[in-house]
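Here the structure is laid out as structure tokens; the discussion comes afterwards.
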Amino acid sequence: MTHVEADKPGMHQEPDAAEASQTTASAPKRRSGLAEFWYYFSQNKGAVIGLCVFLAIIAIALLAPVLAPHSPTVQNRDALLLPPAWQDGGKAAYLLGTDPVGRDVLSRLMFGAQFSLFIGVAVVVLSVSSGVILGLIAGFFRGWIDTTIMRVMDVILAFPSLLLALVLVAILGPGLVNAMIAIALVLQPHFVRLTRASVLAESEREYVTSARVAGASRFRLMFVTILPNCLAPLIVQATLSFSNAILDAAALGFLGMGAQPPTPEWGTMLAEAREFILRAWWVVTFPGLAILITVLAINLMGDGLRDALDPKLKRS
Amino acid sequence: MFRFALSRLALIVPTFIGVSIVAFAFIRLLPGDPIMLLAGERGMSAERYAELQAEMGFDRPIVAQYFDYLLGLFQGDLGTSIVTKRPVLEEFFTLFPATIELAFCAIVLATTIGIPLGVLAAVKRGSWIDQTVMGTALVGYSMPIFWWGLLLIILFSGTLGWTPVSGRISLMYFFPPVTGFMLIDSLLSGQEGAFTSALSHLILPTVVLATIPLAVIARQTRSAMLEVLGEDYVRTARSKGLSPRRVIGLHALRNAMIPVITTVGLQVGVLLAGAILTETIFSWPGIGKWMVDSVFRRDYAVVQGGLLLIAIIIMFVNLIVDMLYGLINPRIRH
Chain D
163 MTHVEADKPG MHQEPDAAEA SQTTASAPKR RSGLAEFWYY FSQNKGAVIG LCVFLAIIAI
223 ALLAPVLAPH SPTVQNRDAL LLPPAWQDGG KAAYLLGTDP VGRDVLSRLM FGAQFSLFIG
283 VAVVVLSVSS GVILGLIAGF FRGWIDTTIM RVMDVILAFP SLLLALVLVA ILGPGLVNAM
343 IAIALVLQPH FVRLTRASVL AESEREYVTS ARVAGASRFR LMFVTILPNC LAPLIVQATL
403 SFSNAILDAA ALGFLGMGAQ PPTPEWGTML AEAREFILRA WWVVTFPGLA ILITVLAINL
463 MGDGLRDALD PKLKRS
Chain V
373 MFRFALSRLA LIVPTFIGVS IVAFAFIRLL PGDPIMLLAG ERGMSAERYA ELQAEMGFDR
433 PIVAQYFDYL LGLFQGDLGT SIVTKRPVLE EFFTLFPATI ELAFCAIVLA TTIGIPLGVL
493 AAVKRGSWID QTVMGTALVG YSMPIFWWGL LLIILFSGTL GWTPVSGRIS LMYFFPPVTG
553 FMLIDSLLSG QEGAFTSALS HLILPTVVLA TIPLAVIARQ TRSAMLEVLG EDYVRTARSK
613 GLSPRRVIGL HALRNAMIPV ITTVGLQVGV LLAGAILTET IFSWPGIGKW MVDSVFRRDY
673 AVVQGGLLLI AIIIMFVNLI VDMLYGLINP RIRH
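Protein chains in written order, with our numbering: chain D, 163 to 478; chain V, 373 to 706.
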């Protein structure tokens, strides 16, 4: 396992002397944005591993219809609860075994990756866009608008996120889309708070004043002048929210309030397999392992992103 | 300090009002008629409907309804469960000790393991110990705990047969609840083996619930320690010739604990959210399972009351953490 925790300013681990002199010799003094980002990101080996795993999961999700050996929903009465291929009684055709109604676990996991990634993307897009807009409005206009928005966010944060999501789904009705809306709503206050804090800090800067004096419209000031300078913490938070969204959606699925059977969503698969845990370990183990690996990969990337994007940590 | 406490208290008033509005609005936002929902699936006559409507005040303006609701809250009236016909508050207090017992054990486990591991990782920075601890912490932090619980059941209850699968104590023991905490009650009952049984039921749920807080606390302790270890006063203490144990234990750890205490306090929300899943997996009769069961039974009066009570608990714990933080770190008060 690699070194993943963010270090504090001035305490960053120095790279090997040889490696450092090599990079300073070959790289230009001021790296371009993307190259600089990659330089700091790739310093964190865990983050690079996380990125590779994540890319592999994306590939599996996209290629699931080609890669999967069986259909994720077709039930096979001749192959109920078959153990994985390497165990006694397992068949090579069903590498990770079959579930209680004879569906191939591996194929369901591959199609499940589509759902998990879709949930992550949709939730992050929803919560980031609404959160950033609310945060910009709060930080930019101040006054009663700010107070109202922030108090509402406090109220959302006063509930345990999973409980609030559960209750929201009870109102909206169980299902994947409603679960995603509920999770996005629960995650969104973090973006509002972050954006507002950055906007407050940036608004005092001279470049904003000069843009204002030059006659930039409010819309332009908010979205073109200020927003790009608040992106770094938002990107890090978005990564964390991506993994949280996958975990929460799986938890809701597990509680029977998320995606409904026969959808091969990983949390729902776990819920369906619960009563067989003492008889068939594989139907429980593999979906959870898939969730863990995905979330872990994203969190590893998140740590690397924080190292790479937080200007305080950069050695100048 | 008094002014600081008052200002913090004033801040939670709007949040409380907001939380009560959410709980109040909940039953009205549900698709369908609230009275028909409260009545359950059997339905009712038109006269009974009108009677209930008047009784519950649904025929009054919405703002008046809200103030009625608020007034009821301050008198301890959170409605009545449709399923058990018992007051929601009474049910809550019957089940809450089970959750406190579990959450308390989990947070004790998480701090007693998490803080020393975090300190160790910081002191041995960059070593294999550091990498192992932080790697494990990240795995713990990424853990879907509902799956983790099932895995532990497969291993320790199924394969090894060491621990029971569910519940708080073996069915062969029965004694009237005194404190509501099974560990204490089983000791008080004087029945042989009761305490051991209660303890063995508690182990797996505690481990599952402690997993994420433990990871968060270890990570936070490490980064707080790293920050403090770079400070001048730590270097001074070292150059005075103090033993490393004294420098780390006395000078560094005490200052590093400030952010860690906040982190521990903030885990209460995480614990209550975790309790929903943990209690469901282990059939632990606490408020987390109560909420999930109520959502499924469509016992909306319970969901409404429980939602409010849980939010109030979290608000007050956060308030206490805030005050504690002001107490140990005088800089924050001003």
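The beta-carbon is built from N, C-alpha and C at its ideal position, and this holds for glycine as well.
Supposed contact pair residue j and residue i - C-beta distance, whole angstroms, cut 8 Å
i: Tyr545(V); j: Ser529(V); result: About 19 Å; that fails the 8 Å criterion.
i: Val354(D); j: Ala300(D); result: 7 Å
i: Thr401(D); j: Met463(D); result: 6 Å
i: Phe448(D); j: Leu258(D); result: 5 Å
i: Ala344(D); j: Leu330(D); result: 4 Å
i: Val674(V); j: Ala320(D); result: That belief does not hold up - the Cβ atoms of Val674(V) and Ala320(D) are roughly 19 Å apart, past 8 Å.
i: Pro395(D); j: Leu356(D); result: 5 Å
i: Ile648(V); j: Met663(V); result: 6 Å
Min CB distance residue i to chain V below 7 Å
i: Ala442(D); result: no
i: Val215(D); result: no
i: Gly305(D); result: no
i: Asp316(D); result: yes
i: Phe381(D); result: no
i: Asn461(D); result: yes
i: Asp321(D); result: One point to set straight first is that residue 321(D) is Phe, not Asp, in the sequence displayed. With 7 Å as the cut-off, Phe321(D) counts as an interface residue toward chain V.
i: Phe450(D); result: Note that residue 450(D) is Gly in the sequence shown, not Phe. Chain V, which has a Cβ nearer than 7 Å to the Cβ of Gly450(D), makes this yes.
i: Leu458(D); result: yes
i: Val329(D); result: yes
i: Arg313(D); result: yes
i: Leu409(D); result: yes
Euclidean distance between Cα positions of residue i and residue j
i: Thr186(D); j: Tyr201(D); result: No answer about Thr186(D) holds up, because its pLDDT of 45 lies below 50 and its placement is not dependable.
i: Ile397(D); j: Leu432(D); result: 31 Å
i: Leu240(D); j: Gly264(D); result: Residue identity differs from the one stated: residue 240(D) is Asp in this sequence, not Leu. Straight-line Cα distance between these residues: approximately 7 Å.
i: Phe302(D); j: Glu364(D); result: 10 Å
i: Ser379(V); j: Val689(V); result: 16 Å
i: Pro536(V); j: Leu467(V); result: 20 Å
i: Ala596(V); j: Val480(V); result: 20 Å
i: Val511(V); j: Asn238(D); result: 35 Å
i: Val455(V); j: Arg669(V); result: 8 Å
i: Leu409(D); j: Glu434(D); result: 17 Å
i: Val445(D); j: Met416(V); result: 45 Å
i: Thr430(D); j: Val394(V); result: 29 Å
i: Thr531(V); j: Leu576(V); result: 14 Å
i: Val667(V); j: Ala494(V); result: 44 Å
i: Thr387(V); j: Phe396(V); result: 14 Å
i: Asp469(D); j: Phe203(D); result: 7 Å
i: Tyr256(D); j: Leu229(D); result: 13 Å
i: Ile318(D); j: Trp248(D); result: 48 Å
i: Leu326(D); j: Val348(D); result: 7 Å
i: Ser405(D); j: Ala609(V); result: 42 Å
i: Leu414(D); j: Arg617(V); result: 46 Å
i: Phe374(V); j: Gln447(V); result: 28 Å
i: Val285(D); j: Asn340(D); result: 11 Å
i: Pro190(D); j: Ala197(D); result: Confidence at Pro190(D) is low in this model, with a pLDDT of 48, below 50, so its placement is unreliable and the value that follows should be read with caution. Cα-Cα distance, rounded: 11 Å.
Residue i and residue j closer than 7 Å at C-beta
i: Ser269(D); j: Pro231(D); result: yes
i: Phe416(D); j: Phe518(V); result: yes
i: Gly658(V); j: Ala482(V); result: no
i: Gly677(V); j: Val460(V); result: yes
i: Leu424(V); j: Ile399(V); result: no
i: Ala218(D); j: Gln276(D); result: no
i: Gly490(V); j: Thr593(V); result: yes
i: Ile541(V); j: His573(V); result: yes
i: Ala452(D); j: Ile281(D); result: no
i: Ala407(D); j: Val215(D); result: no
i: Val606(V); j: Ala624(V); result: yes
Short CB-CB distance (under 7 Å) between residue i and chain D
i: Leu401(V); result: yes
i: Ala382(V); result: no
i: Gly512(V); result: no
i: Leu522(V); result: yes
i: Val391(V); result: yes
i: Ala645(V); result: yes
i: Ala683(V); result: yes
i: Leu649(V); result: yes
i: Met687(V); result: yes
i: Pro585(V); result: no
Proximity test, Cβ basis, 7 Å: residue i and chain B
i: Leu324(D); result: Annotation note: the requested chain B is absent from the structure, which comprises protein chains D and V.
Run through the segment 378-444 of chain D for me and flag every whole beta strand (DSSP E) of 3 or more residues, listed as ranges in chain order.
none
Complete alpha helix (DSSP H) runs within the segment 629-673 of chain V (minimum length 4 residues, chain order)
Taken in chain order, the complete alpha helix (DSSP H) segments of 4 residues or longer contained in the segment 629-673 of chain V are 659-669.
Length at least 4, wholly inside the segment 415-454 of chain V: the alpha helix (DSSP H) runs in chain order
418-428 and 434-446
With a floor of 4 residues, list each alpha helix (DSSP H) that falls wholly inside the segment 289-372 of chain D, ordered by position along the chain.
305-320, 323-334 and 338-365
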